[in-house]
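A.B. asks: Shown below is the structure under consideration.
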Amino acid sequence: MHEVILSVGIDIGTSTTQLIFSRLTIENRASSYTVPRISIVDKEVVYRSQIYFTPLKSATEIDAEAVKKIVRDEYQMAGMTPADLKTGAVIITGETARKQNANDVLEALSDLAGDFVVATAGPDLESVLSARGAGTDAMSKEERMAIANIDIGGGTSNIALYERGTLRGTSCLDIGGRLIKVQNGKITYIFHKIQELANKHGISVNIGDRADPEQLMKVCRLMADQLAQALHLAPQDGGHAGLYTNDGKPLPDTPAVQAVTYSGGVADCVYQSDETDLFRYGDIGVLLGRAIRENAALNQIKRFQAVETIRATVVGAGTHATDVSGSTIRYDRRQLPLKNVPVLKVSQEDEASLETLKSSIRDQLPLYQPEGVMEQVAIAFTGENRTSFAEVQDLAAAIIDSTKEVIESRYPLIVVVENDIGKVLGNALNVMLRNQKDVICIDSIHASSGDYIDIGEPVAGGQVLPVVIKTLIFNS
Amino acid sequence: MAEKDLRAIIEQVLMEMNLADNLGSAPKAEPASTEEKCADEGFQGVTSKVEEGELPDITQIDIRKQYLVENPEHRDEYAELKMAAPCRLGIGKAGARYKTLPQLEFRAAHSAAQDAVFNDVDHEFVEKMGLFTVQTQCDSKDTYLTRPDLGRKLSDEAVETIKAKCKKNPTVQIYVADGLSSASVAANIGDLLPAIMQGLKSYNIDVGTPFFVKYGRVGVMDQISEVLGATVTCTLIGERPGLITAESMSAYIAYKATVGMPEARRTVVSNIHRAGTIPAEAGAHIAEIIKIMLDKKASGTDLKL
Numbered sequence: 161m162h163e164v165i166l167s168v169g170i171d172i173g174t175s176t177t178q179l180i181f182s183r184l185t186i187e188n189r190a191s192s193y194t195v196p197r198i199s200i201v202d203k204e205v206v207y208r209s210q211i212y213f214t215p216l217k218s219a220t221e222i223d224a225e226a227v228k229k230i231v232r233d234e235y236q237m238a239g240m241t242p243a244d245l246k247t248g249a250v251i252i253t254g255e256t257a258r259k260q261n262a263n264d265v266l267e268a269l270s271d272l273a274g275d276f277v278v279a280t281a282g283p284d285l286e287s288v289l290s291a292r293g294a295g296t297d298a299m300s301k302e303e304r305m306a307i308a309n310i311d312i313g314g315g316t317s318n319i320a321l322y323e324r325g326t327l328r329g330t331s332c333l334d335i336g337g338r339l340i341k342v343q344n345g346k347i348t349y350i351f352h353k354i355q356e357l358a359n360k361h362g363i364s365v366n367i368g369d370r371a372d373p374e375q376l377m378k379v380c381r382l383m384a385d386q387l388a389q390a391l392h393l394a395p396q397d398g399g400h401a402g403l404y405t406n407d408g409k410p411l412p413d414t415p416a417v418q419a420v421t422y423s424g425g426v427a428d429c430v431y432q433s434d435e436t437d438l439f440r441y442g443d444i445g446v447l448l449g450r451a452i453r454e455n456a457a458l459n460q461i462k463r464f465q466a467v468e469t470i471r472a473t474v475v476g477a478g479t480h481a482t483d484v485s486g487s488t489i490r491y492d493r494r495q496l497p498l499k500n501v502p503v504l505k506v507s508q509e510d511e512a513s514l515e516t517l518k519s520s521i522r523d524q525l526p527l528y529q530p531e532g533v534m535e536q537v538a539i540a541f542t543g544e545n546r547t548s549f550a551e552v553q554d555l556a557a558a559i560i561d562s563t564k565e566v567i568e569s570r571y572p573l574i575v576v577v578e579n580d581i582g583k584v585l586g587n588a589l590n591v592m593l594r595n596q597k598d599v600i601c602i603d604s605i606h607a608s609s610g611d612y613i614d615i616g617e618p619v620a621g622g623q624v625l626p627v628v629i630k631t632l633i634f635n636s
Numbered sequence: 149m150a151e152k153d154l155r156a157i158i159e160q161v162l163m164e165m166n167l168a169d170n171l172g173s174a175p176k177a178e179p180a181s182t183e184e185k186c187a188d189e190g191f192q193g194v195t196s197k198v199e200e201g202e203l204p205d206i207t208q209i210d211i212r213k214q215y216l217v218e219n220p221e222h223r224d225e226y227a228e229l230k231m232a233a234p235c236r237l238g239i240g241k242a243g244a245r246y247k248t249l250p251q252l253e254f255r256a257a258h259s260a261a262q263d264a265v266f267n268d269v270d271h272e273f274v275e276k277m278g279l280f281t282v283q284t285q286c287d288s289k290d291t292y293l294t295r296p297d298l299g300r301k302l303s304d305e306a307v308e309t310i311k312a313k314c315k316k317n318p319t320v321q322i323y324v325a326d327g328l329s330s331a332s333v334a335a336n337i338g339d340l341l342p343a344i345m346q347g348l349k350s351y352n353i354d355v356g357t358p359f360f361v362k363y364g365r366v367g368v369m370d371q372i373s374e375v376l377g378a379t380v381t382c383t384l385i386g387e388r389p390g391l392i393t394a395e396s397m398s399a400y401i402a403y404k405a406t407v408g409m410p411e412a413r414r415t416v417v418s419n420i421h422r423a424g425t426i427p428a429e430a431g432a433h434i435a436e437i438i439k440i441m442l443d444k445k446a447s448g449t450d451l452k453l
């Protein structure tokens, strides 16, 4: 068994918009006389679009119609139609990751992006996708090291730390190449946090000033210092905490970072020094790249070449966002695909007893009933230590007992469990509900509170469902 | 190496061997000194004077986490590899031989495997599962192990019993057989059988009366299928135990099985045990296979799953 599905990745960032198509090969890796174990075995990018400047109506508002034109043209050039695509993700990142933008883009692309693809965003997810696109996860496994990828875009630097192939932390700072813009030799824009950073260190840069490379280089050195601090390679100074996007958290201090890769638009300026025209991009990207390359703290650790640089996020979105569910699951086909279903997570603590599991579900359900009407929701938990038939029955009964509102609503009962009990739990739910309610019960998927989940149409002869877990943390 | 050196080494080795022999026979001559000698050899604290305390159960050791190589170059990497499969790797050595602990574990696993083959399934357990028992033409474990042909045929009494007690012409007939592991039946049937039943119920598929076959081999399913007129027959049978688990179970499933049909007409789901495919989930999977079998009216290599 061997199936190829096509996936699209669209990344709409603060400064650039790109699109890729990739082929995901799905295969059953178990022998034919055991329960199937289907997974994505190969990922290959088959088409890369040009890199466009993101069409904006204002500093923070995306011109959705113009995006649509870009996407439509690229589909044509690649010879793809929406019907060819089984999965994918649109990632709206950085400064433009706002809910209104997401809605506008979603609407504009709804007939173009295939049945499965949805607008998503969030700095944590972006950090992960760019690091995977950069190949940092694979590299950390290969090199047996803790490697951080810093994806330095126009507005933000997204950091993800992988240790031997396992994600250890993500973080996002307001450090980027376009936080100071330069036109005709003059500074035309300075992001307020960068202005504060410069002021604090007594460096005078102001909008309207002549773009003096010496002066701007000083600012870029400060920005590079902040990145070194974010990787715990230098002690954090007083202003450091304020630079995290959305008051986010720093990386954990263990494991210690042993090497670094760079992706994002500024990465090429880190890896190569081409300083013929310092302001050729109309911003400080080239200088920031040089400042990072020369930063003593960052140079204490190894610098590896990323597999993808400026395209890391879009490659990540197109090839690494999609996962497949476990191979023994229960679902009702008529209900698929499902998009943007919010996740109600029962914490591991609450899961320990069925009573707390029930009360956790009951307490959280009102959050998914704005104006008293039940909306679509997926109940997620690990299902750990509940593997015997009797325990699964009790679990099913507890779920039914605590999800009356869902069962009475027009939406299916969606259960997402980590442990491999999806099918037996789904059967139990079906039987207890006398086959009167559509049930979707999938396993081998980890979802967290606040995530959204897309569940696609079945692949691999109906044995698995493609799943995209999205962390939607919008800038307000 | 010079011949002289070689000679010297051989002489030394021979001398040490003689010495060891003498030591080995020493206790015979002087029984009283045995205890003392044991203590010298590193058995401190475990003298016959100790009456309380317990030995750790070596079968509880997870061999995927057991790494006994001294001064390893890549401990973490090896440990990670070991987690992928329960193999007896990275267990160190004492000279050219196993260390004591792995040697004992190996023998414990071998004993568990033998027990699984030679012990009978607990009668009470079978009854608790709501199953009645019939027997093949084997009258003992010895016959069963030495005459596979008899393990594929029901005794006359068994034929009469299932005719009397079982629903006729069921869509699905499920039964349990001891096969080569009674331990497997005890470990899995409690979760596996109800999970299959529930799965079939969720598909609204009618199931016959389940029972237990003592001294049963896979092939007896063909006769059962014929006697009861089942559309699909499914046997849950203990697999030949290995040294990793003695509790693994297989399900052999066939569409309209008949005596003498090719083996290729059986569909099998193997490796059902708590460290393989967990029995409850396997049961749900088997129910779906049966459903597909009924839809496509085929099994074994004729059925593309």
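The listed protein sequences correspond, in order, to chains A and B. Here the first sequence is numbered in this note's numbering, starting from 161 and rising by one per residue. Here the second sequence is numbered in this note's numbering, starting from 149 and rising by one per residue. Every residue gets a Cβ at the ideal spot worked out from N, C-alpha and C, and that includes glycine. Since this is a predicted model, take the numbers as computed values, not measurements.
1) In chain order, which continuous runs of the beta strand (DSSP E) of length 3 or greater are located wholly inside the segment 401 to 432 of chain A?
2) What span of residues does the alpha helix (DSSP H) with PRO283 (chain A) cover, start to end?
3) Counting only Cβ pairs nearer than 7 angstroms, list the residues of chain A close to ASN419 (chain B).
4) So who's on the other strand from VAL577 (chain A), going by DSSP bridges?
5) CB-CB under 7 angstroms to GLN460 (chain A), same chain, minus the five flanking residues each way: which ones, in chain order?
6) On the premise that LEU387 (chain A) lies in contact with SER317 (chain A), defined as a C-beta separation below 8 angstroms, what is that separation, rounded to the nearest angstrom?
7) Please list the partners that GLY431 (chain B) has in chain A, where partner means a Cβ-to-Cβ separation under 8 angstroms.
8) Got a sec: is the Cβ-Cβ distance from THR488 (chain A) to anything in chain B below 8 angstroms?
9) In the DSSP assignment, what residue or residues form a beta bridge with PRO626 (chain A)?
10) At a CB distance below 8 angstroms, what residues from the segment 294 to 307 of chain A approach chain B? Give them in sequence order.
11) DSSP three-state label for GLY173 (chain A), please.
12) Starting from SER332 (chain B), trace the alpha helix (DSSP H) in both directions and tell me its first and last residue.
13) Can you tell me the Cα-Cα spacing of GLY173 (chain A) and THR421 (chain A), whole angstroms?
14) Report the neighbours of ILE353 (chain B) on chain A: residues whose CB is nearer than 7 angstroms to its CB, in chain order.
15) Alpha carbon to alpha carbon, how far is LYS439 (chain B) from SER418 (chain B)? Give it in angstroms, no decimals.
16) In whole angstroms, give me the CA-to-CA distance for THR516 (chain A) and ASP510 (chain A).
17) Give a yes or no on whether the minimum CB-CB distance between ILE613 (chain A) and chain B is below 8 angstroms.
18) How about LEU249 (chain B) and ILE206 (chain B): do their beta carbons lie closer than 8 angstroms?
19) So the candidates are A:GLU303, A:ALA358, A:LYS346; which of them puts its Cα closest to the Cα of ALA371 (chain A)?
20) Assuming ILE335 (chain A) is part of the beta strand (DSSP E), what are its boundary residues?
21) Should ALA219 (chain A) be labelled buried (16 or more other beta-carbon atoms within 10 Å of its own) or exposed?
22) How big is the Cα-Cα spacing for VAL168 (chain A) and ARG292 (chain A)?
23) I need the straight-line Cα distance from PRO412 (chain A) to THR326 (chain A), nearest angstrom please.
24) Can you tell which of A:VAL201, A:GLY362, A:LEU266 has its C-alpha closest to the C-alpha of ALA190 (chain A)?
25) Within the continuous alpha helix (DSSP H) that includes PRO427 (chain B), where are the two ends?
26) In chain A, which residues lie less than 9 angstroms from ILE438 (chain B) when you measure between Cβ atoms?
27) Round the Cβ separation of GLN418 (chain A) and ILE307 (chain A) to the nearest angstrom and send it over; I've been treating them as touching at under 8 angstroms.
28) In whole angstroms, give me the CA-to-CA distance for PRO112 (chain A) and PHE213 (chain A).
29) For the candidate residues B:ARG255, B:ASP326, B:GLY390, B:MET441, whose alpha-carbon lies nearest to that of PHE273 (chain B)?
30) If you compare alpha carbons, which of A:ILE310, A:ALA298, A:LEU245, A:CYS601 is closest to THR469 (chain A)?
31) When you compare the CB of ALA588 (chain A) with every CB in chain B, is at least one pair closer than 8 angstroms?
32) What does a CB cutoff of less than 8 angstroms around ILE367 (chain A) pick up in its chain, not counting 5 residues either side in sequence?
33) For ALA177 (chain B), count the other beta carbons within 10 Å of its own beta carbon; 16 or more makes it buried, fewer makes it exposed. Which is it?
34) Hey, how far is the Cα of LEU357 (chain A) from the Cα of ILE222 (chain A)?
35) Taking only beta-carbon atoms, is ILE172 (chain A) less than 8 angstroms away from chain B?
36) Distance, Cα to Cα, ILE170 (chain A) vs GLU531 (chain A)?
C.D. replies: This is what the structure gives:
1) 419 to 423
2) 283 to 294
3) THR194
4) A:PHE541
5) LEU393
6) 6 angstroms
7) PHE549, VAL584
8) yes
9) Per DSSP, A:VAL484.
10) ARG304
11) Annotated three-state conformation of GLY173 (chain A) is coil, per DSSP.
12) 330 to 350
13) Taking the Cα positions, GLY173 (chain A) is about 20 angstroms away from THR421 (chain A).
14) Within chain A, no residue comes near ILE353 (chain B); the closest Cβ sits about 12 angstroms away, beyond 7 angstroms.
15) Distance between the alpha carbons of SER418 (chain B) and LYS439 (chain B): 18 angstroms.
16) 5 angstroms
17) Among the CB atoms of chain B, none fall inside 8 angstroms of the CB of ILE613 (chain A).
18) Cβ distance < 8 angstroms, so LEU249 (chain B) and ILE206 (chain B) count as in contact.
19) A:LYS346
20) Per DSSP, ILE335 (chain A) belongs to no beta strand (DSSP E) and is neither H nor E.
21) By the beta-carbon neighbour count (other beta carbons within 10 angstroms, threshold 16), ALA219 (chain A) is exposed.
22) 16 angstroms
23) 14 angstroms
24) A:VAL201
25) DSSP places PRO427 (chain B) in the uninterrupted alpha helix (DSSP H) bounded by 427 to 444.
26) Those do not exist, as ILE438 (chain B) stays about 13 angstroms from chain A at its closest Cβ, beyond 9 angstroms.
27) 7 angstroms
28) Within the shown structure, residues of chain A are numbered from 161 to 636, placing residue 112 (chain A) beyond reach of any answer.
29) The option with the nearest alpha carbon to PHE273 (chain B) is B:ASP326.
30) A:ILE310
31) For ALA588 (chain A), a Cβ of chain B is located within less than 8 angstroms of the residue's own Cβ.
32) Closer than 8 angstroms at the Cβ level, and outside the excluded window around ILE367 (chain A), lie ILE347, THR348, TYR349, ILE350.
33) Unreliable positioning characterises ALA177 (chain B) in this predicted model, as indicated by a pLDDT of 41, which lies under 50. A coordinate reading is not provided.
34) For LEU357 (chain A) and ILE222 (chain A), the distance between alpha carbons rounds to 28 angstroms.
35) By this cut-off, ILE172 (chain A) is not an interface position.
36) 34 angstroms
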